[in-house]
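The sequence shown lines up with residues 9 to 243 when you count with the numbering used here.
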Amino acid sequence: MAVYRQSDLSLVKQYPVGAVSHARDVVVDAQRNRAYVSATGADYISVFDTRTLQQLDNITIASGKRGEAFTPGSLDIDTATGKVYTVSLAAAEAAIIDGASGKVEKVFPLPGARDAIGVAWNPVAKRLLVVSQGSDNLLIVDPATAKVEHDVYVGAGSLNVSYSPSTRLAYVSNRAAGTVTVVDEDGNIVANLDGGTYPNHVSKGPDAVMFAINKSKGADDAKGDRITRLLPVQR
Numbered sequence: 009m010a011v012y013r014q015s016d017l018s019l020v021k022q023y024p025v026g027a028v029s030h031a032r033d034v035v036v037d038a039q040r041n042r043a044y045v046s047a048t049g050a051d052y053i054s055v056f057d058t059r060t061l062q063q064l065d066n067i068t069i070a071s072g073k074r075g076e077a078f079t080p081g082s083l084d085i086d087t088a089t090g091k092v093y094t095v096s097l098a099a100a101e102a103a104i105i106d107g108a109s110g111k112v113e114k115v116f117p118l119p120g121a122r123d124a125i126g127v128a129w130n131p132v133a134k135r136l137l138v139v140s141q142g143s144d145n146l147l148i149v150d151p152a153t154a155k156v157e158h159d160v161y162v163g164a165g166s167l168n169v170s171y172s173p174s175t176r177l178a179y180v181s182n183r184a185a186g187t188v189t190v191v192d193e194d195g196n197i198v199a200n201l202d203g204g205t206y207p208n209h210v211s212k213g214p215d216a217v218m219f220a221i222n223k224s225k226g227a228d229d230a231k232g233d234r235i236t237r238l239l240p241v242q243r
């Protein structure tokens with residue numbers, strides 16, 4: 009874990025090795041001066057004070073399934089409420105964390121998910137979006153009832169999902185399929201885009217812009233190691 013200054017990318021603080029076990033994802037709550045980092049392979053989310061840069065107490069997540077462990081993958085945050093959302097790679101579950109109290113608010117199962125890894129919060133419809141690399145699908149879930157409203161096959165090896173409030177569309181990176189799939193709130197696929205070699209991640213940009221990154225097969229891979237800027241066409 010490290011903190012860099014955005015203006016010139018100079019190192020502000022380097023945390024000790026092992027500060028977060030297998031750190032995967034980070035989300036920042038600028039209003040409440042908190043950063044949350046998922047420890048994939050462990051059972052907790054690490055918390056940092058973004059003003060003092062002090063590492064705070066971890067938030068441990070217990071699985072609701074007997075004999076299972078909750079191992080967090082990606083994270084997303086509702087900046088209006090400070091709630092943090094994550095999913096478990098080991099057990100098909102989602103968790104909601106109340107950032108203000110630092111407590112786990114809810115853990116619930118995700119029927120139809122296998123190796124759940126990516127998560128996004130839709131603040132417009134108040135829905136949780138979950139992608140799973142083992143079942144190649146996107147689940148649209150009502151977190152209030154834990155009901156899966158839509159189960160959408162999006163492509164092999166789905167790794168991440170990001171939601172654009174301005175377009176009300178979800179973007180899913182499918183590593184094995186080599187695609188970025190765009191899905192509306194009713195579970196309809198509206199586009200299936202070339203994601204290059206091994207699409208790994210999608211992230212919101214300003215306004216309606218979305219960014220995708222991918223990995224490479226090797227040094228001579230013309231479609232590898234690139235950043236792709238995605239913008240809806242106005243019709």
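Idealized CB from N, CA, C, for every residue including glycine. Every value quoted in this text rests on a predicted model; they were computed, and no experiment measured them.
Run through DSSP, which three-state label would residue i get?
{"i": "Asp-51", "result": "coil"}
{"i": "Arg-74", "result": "coil"}
{"i": "Ser-82", "result": "strand"}
{"i": "Glu-193", "result": "coil"}
{"i": "Arg-176", "result": "coil"}
{"i": "Arg-59", "result": "coil"}
{"i": "His-158", "result": "strand"}
{"i": "Val-35", "result": "strand"}
{"i": "Leu-137", "result": "strand"}
{"i": "His-209", "result": "strand"}
{"i": "Arg-40", "result": "coil"}
{"i": "Ile-69", "result": "coil"}
{"i": "Ser-166", "result": "strand"}
Can you say whether residue i is buried or exposed, counting buried as having 16 or more other CB atoms within 10 angstroms of its CB?
{"i": "Gln-141", "result": "buried"}
{"i": "Ile-125", "result": "buried"}
{"i": "Ile-235", "result": "exposed"}
{"i": "Ala-108", "result": "exposed"}
{"i": "Asp-16", "result": "exposed"}
{"i": "Asn-41", "result": "exposed"}
{"i": "Pro-119", "result": "exposed"}
{"i": "Lys-91", "result": "buried"}
{"i": "Asp-84", "result": "buried"}
{"i": "Leu-167", "result": "buried"}
{"i": "Ala-239", "result": "A small correction: the amino acid at residue 239 is Leu; Ala does not occupy that position in the sequence shown. Classification for Leu-239: exposed."}
{"i": "Val-132", "result": "exposed"}
{"i": "Thr-153", "result": "exposed"}
Can you tell which of the options has its C-alpha closest to the C-alpha of residue i?
{"i": "Pro-151", "options": "Asp-144, Ala-108, Ala-102 and Asn-145", "result": "Ala-102"}
{"i": "Lys-114", "options": "Gly-226, Ile-67, Gly-186 and Thr-187", "result": "Ile-67"}
{"i": "Ile-221", "options": "Ile-197, Asp-192 and Thr-187", "result": "Thr-187"}
{"i": "Asn-208", "options": "Thr-175, Asp-106, Tyr-23 and Arg-32", "result": "Arg-32"}
{"i": "Val-169", "options": "Ala-230, Gly-81 and Val-112", "result": "Gly-81"}
{"i": "Gly-110", "options": "Leu-136, Leu-146, Thr-153 and Tyr-44", "result": "Tyr-44"}
{"i": "Ala-227", "options": "Gln-242, Phe-219, Pro-214 and Thr-205", "result": "Thr-205"}
{"i": "Asp-106", "options": "Ala-121, Tyr-93 and Pro-117", "result": "Tyr-93"}
Examine the ligand NAP and report whether any of its heavy atoms sits within less than 7 Å of the Cβ of residue i.
{"i": "Val-95", "result": "This structure does not include the ligand NAP; it has no bound ligands of any sort."}
What does DSSP give as the partner residue(s) for residue i in the beta ladder?
{"i": "Glu-101", "result": "Pro-117"}
{"i": "Ala-128", "result": "Leu-137"}
{"i": "Val-11", "result": "Lys-21"}
{"i": "Asp-150", "result": "Lys-155"}
Exercise. Would you call the stretch 152-159 and the stretch 171-183 in contact, with 3 or more CB pairs under 8 Å?
Worked result: Verdict: no, contact absent.
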